[in-house]
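Mind the numbering: the sequence shown is residues 2 to 191 in our numbering, read in order. All C-beta atoms in this analysis are idealised placements derived from N, C-alpha and C, irrespective of residue type, glycine included. Notes follow the structure.
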Amino acid sequence: MAFRDTWHRTLVYFGLAEDDAYDEEVEPYGEPEVEMQDTYRERPNVRRLGARRRRDDFDDIFPDEPPAERRTAALRPVGGRAGNERGNGGEGRGGNGGDVRVHFVAPKNFNDVQDVADKFKDAIPVILNLQGTDTDLSKRLIDFSSGLTYALDGGMQRIADKVFLLTPRNVEVSAEERARLVEKGFFNQS
Numbered sequence: 002m003a004f005r006d007t008w009h010r011t012l013v014y015f016g017l018a019e020d021d022a023y024d025e026e027v028e029p030y031g032e033p034e035v036e037m038q039d040t041y042r043e044r045p046n047v048r049r050l051g052a053r054r055r056r057d058d059f060d061d062i063f064p065d066e067p068p069a070e071r072r073t074a075a076l077r078p079v080g081g082r083a084g085n086e087r088g089n090g091g092e093g094r095g096g097n098g099g100d101v102r103v104h105f106v107a108p109k110n111f112n113d114v115q116d117v118a119d120k121f122k123d124a125i126p127v128i129l130n131l132q133g134t135d136t137d138l139s140k141r142l143i144d145f146s147s148g149l150t151y152a153l154d155g156g157m158q159r160i161a162d163k164v165f166l167l168t169p170r171n172v173e174v175s176a177e178e179r180a181r182l183v184e185k186g187f188f189n190q191s
């Protein structure tokens with residue numbers, strides 16, 4: 002009898018015979034629409050998320066690496082526009098008529114790009130120095146930066162070999178700052 006059972010299970014497996022041991026009992030199902038309505042009633046429609054966590058809230062996965070080189074310099078916002086004339090009163094933080102500082106970043110890994118995005122979102126221009134990074138990382142950083150500037154209506158300008166200036170909307174680099182960048186060898190006049 003064991004050979005017959007094995008042979009029958011083999012035929013069932015290949016679909017050449019029907020399984021006789023199939024349970025004919027069918028559980029009664031409720032109305033599918035009623036079950037779905039009960040499921041939706043149990044879940045809330047809106048879920049509140051916690052406050053936005055800053056990068057400092059996360060554990061550093063590269064604790065032995067020194068932080069990327071960062072410096073700031075003075076800029077001025079584009080004249081003739083006040084904060085409430087920009088269409089959205091929440092935009093243009095940092096464009097209140099005072100000096101805007103340039104943030105300098107020389108990233109060592111892709112995680113450093115978070116600092117670039119945070120400063121750019123705060124309407125602070127960023128100089129991204131990719132001279133010390135490898136080619137693959139440079140490509141990823143340029144792709145991210147170009148997407149960032151496009152999404153936030155900013156500008157991206159190559160100011161030297163592997164050095165880029167990311168300017169937020171309604172911010173321009175002053176003549177004094179350009180002269181200072183030329184002195185440091187960052188700005189290409191061509």
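By the criterion of a C-beta distance shorter than 7 Å, S139 is surrounded in its chain by L131, K163, once the five residues flanking it on both sides are discounted. In the three-state scheme derived from DSSP, where H, G and I count as helix and E and B as strand, G156 is classed as strand. For the pair V117 and E177, the Cα-to-Cα distance works out to about 23 Å. L12 is classed as exposed because its beta carbon has fewer than 16 other beta carbons within 10 Å across all chains shown. Taking a C-beta distance under 8 Å as the contact criterion, I125 and R102 qualify as a contact pair.
DSSP places V174 in no alpha helix (DSSP H); its state is neither H nor E.
As the crow flies, the alpha-carbon of D154 is around 19 Å from that of S175. DSSP places N110 outside both helix and strand once states are collapsed to three, so it counts as coil. Of the other Cβ atoms in all chains shown, 16 or more fall within 10 Å of the Cβ of N171; this residue is therefore buried. In the structure shown, F15 falls within a coil segment according to DSSP collapsed to helix, strand and coil.
Taking S146 as the centre and dropping the five residues before and after it, the same chain places the C-beta of V117, L129, M157, F165, L167 closer than 7 Å to its C-beta, in chain order. A distance of 8 Å or more separates the beta carbons of H9 and A3. Our two residues, E184 and V127, have alpha carbons roughly 18 Å apart in a direct line.
Secondary structure note for L129: its beta strand (DSSP E) is the uninterrupted segment 127-130. In the DSSP assignment, no residue is bridged to V117. Secondary structure at A124: coil, using DSSP grouped into helix, strand and coil. Excluding its 5 nearest sequence neighbours in each direction, H104 has C-beta neighbours in its own chain below 6 Å: T73, K120, I125, V127, listed in chain order.
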